[in-house]
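Report on the following structure.
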Amino acid sequence: MPENIKIGILGGDRRQLITAECLSASYECAVWGFAAVYGGEDEHYLKNTVRCADPESAVKCSDAVILPLPASTDGVRLNCPLAAPVRGNPAGELPDVRLLALCEAMPHGSLLLGGMLPPVVKKYAAEHGVTALDYYDSEELQIRNSVPTAEGAVAACIHTLPFTVAGMRAAVFGYGRVGRTLAGRLKALGADVFAVARSGRDRSNAACDGCIPVPLDEYRSFPLHCDAVFNTIPHRIFDAELLARIPRGTVLFELASGNIGVDTAAAEENGIRVIPLPSLPGKTAPQTAGEIICSVVRGLLDDHFAGR
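Quick note, the sequence shown lines up with residues 787 to 1094 if you use this note's numbering.
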């Protein structure tokens, strides 16, 4: 990628700080949304960057703009938990930065990269001459990201339950990238792992990995007694009907994107404790997760600006 590329980096958690640090070592970077770290222990991540007073200043002269993972938590506004609260707001409300407004402020022909970009943003960007790509679609990112996600889930389990993972009975729902990595970590610590999956291929992989495969429909009819249940399936799996059959006192760790796999009200009514675990890599291993994002982003930047 040419060295004269200017990059705007906005919002996000500590993963975005690591991304900014990595990119600023080679390229001119302008940042916004990190006021909470100024003067703190994380400030050094931004030492080679230009700090902007508003988001528009960070994007209007940039060839590429990097948004966090996720880019938005509501599909409309920029996810910027480290930004300075709105002045005069006693509740500490964060700035209302609209993703579509950022697209409008970006130069024609520039590149927008974000994690879990809402479809409306991609469409709107294209209409304004901006190429929008979702780096969360990267197979490399999702495979590598499964490690900090799985380790974070194991850490939450250790801190939540009053007994060891060794000898524990655990059910892992979904045997994709995260489910498979998580099952492997639990087995390595001595847990008996039941891999609950709809796909025969996934159950075969689970069996080959030393887990006990269980068809999803079978589990729904006859739930196993497990000390801990981990859900990685991003669909409503644990509805009121299933939760009524699960033994009371079971702890359910929800890893699915958006925490949509569990009817939390029904879980509470049936004595099931739900532990939501959103954005685990950014909370438990931001350094590693940020380096993974930076690696994927660099590849997308190189491809887009090749030959410039």
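From the three backbone atoms N, C-alpha and C, an ideal C-beta is built for every residue, glycine too.
Burial state of residue i, where buried means 16 or more other Cβ atoms lie within 10 Å
| i | result |
| --- | --- |
| T935 | buried |
| S858 | buried |
| C994 | exposed |
| T967 | buried |
| Y824 | exposed |
| T805 | buried |
| V1000 | buried |
| S1065 | buried |
| L947 | exposed |
| N991 | buried |
| R1022 | exposed |
The beta strand (DSSP E) enclosing residue i, as first and last residue numbers
| i | result |
| --- | --- |
| F980 | 978 to 983 |
| C889 | Taken as a continuous stretch (DSSP letters only), C889 belongs to no beta strand (DSSP E), being part of the alpha helix (DSSP H) at 885 to 891. |
| V851 | 850 to 852 |
| A816 | 814 to 818 |
| P841 | From DSSP, P841 is part of no beta strand (DSSP E) but of the alpha helix (DSSP H) over 841 to 845. |
| A956 | 955 to 959 |
| V1060 | 1059 to 1062 |
| L796 | 792 to 796 |
Cβ neighbours of residue i in the same chain (closer than 6 Å, five flanking residues each side left out)
| i | result |
| --- | --- |
| W818 | L796, C838, P841, A844 |
| T1050 | V1060 |
Beta-carbon proximity list for residue i, same chain, < 8 Å, skipping 5 on both sides
| i | result |
| --- | --- |
| P1020 | A1042, S1043, G1044, I1046, G1047 |
| K973 | V979, D995, G996, C997 |
Enclosing alpha helix (DSSP H) for residue i [first to last residue]
| i | result |
| --- | --- |
| A806 | 800 to 810 |
| L1086 | 1072 to 1091 |
| T835 | Per DSSP, T835 belongs to no alpha helix (DSSP H); it is in the beta strand (DSSP E), 835 to 837. |
| A1053 | 1050 to 1055 |
Contact set for residue i: own chain, Cβ-Cβ below 7 Å, skip 5 residues either direction
| i | result |
| --- | --- |
| G1068 | D799, R800, R801, A1075 |
| V883 | P841, R863, L864, C866 |
| L903 | A857, A918, D920 |
| L1086 | L899, L919, Y921 |
| N931 | P1067, A1075, I1078 |
| V964 | S932, T935, A936, T1018, L1041 |
For this session: Run through the region 966 to 1037 for me and flag every whole alpha helix (DSSP H) of 4 or more residues, listed as ranges in chain order.
Result: Listed in chain order, the alpha helix (DSSP H) runs fully inside the region 966 to 1037 are 986 to 994, 1002 to 1007, 1026 to 1029, counting runs of at least 4 residues.
4-residue-minimum alpha helix (DSSP H) runs that sit fully inside the region 896 to 935, ordered along the chain
The qualifying runs are 905 to 913.
Counting Cβ pairs, one atom from each stretch, are 3 or more of them under 8 Å apart for the region 827 to 836 and the region 877 to 885?
Segments in contact, no.
* To do: Decide yes or no for the touch test of the region 897 to 917 against the region 930 to 944: beta carbon pairs closer than 8 Å, at least 3 of them.
  => Short answer: they don't touch.
Can you find at least 3 beta carbon pairs, one from the region 1027 to 1034 and one from the region 1050 to 1069, that sit closer than 8 Å? Three or more pairs of CB atoms, one per stretch, sit closer than 8 Å, so the region 1027 to 1034 contacts the region 1050 to 1069.
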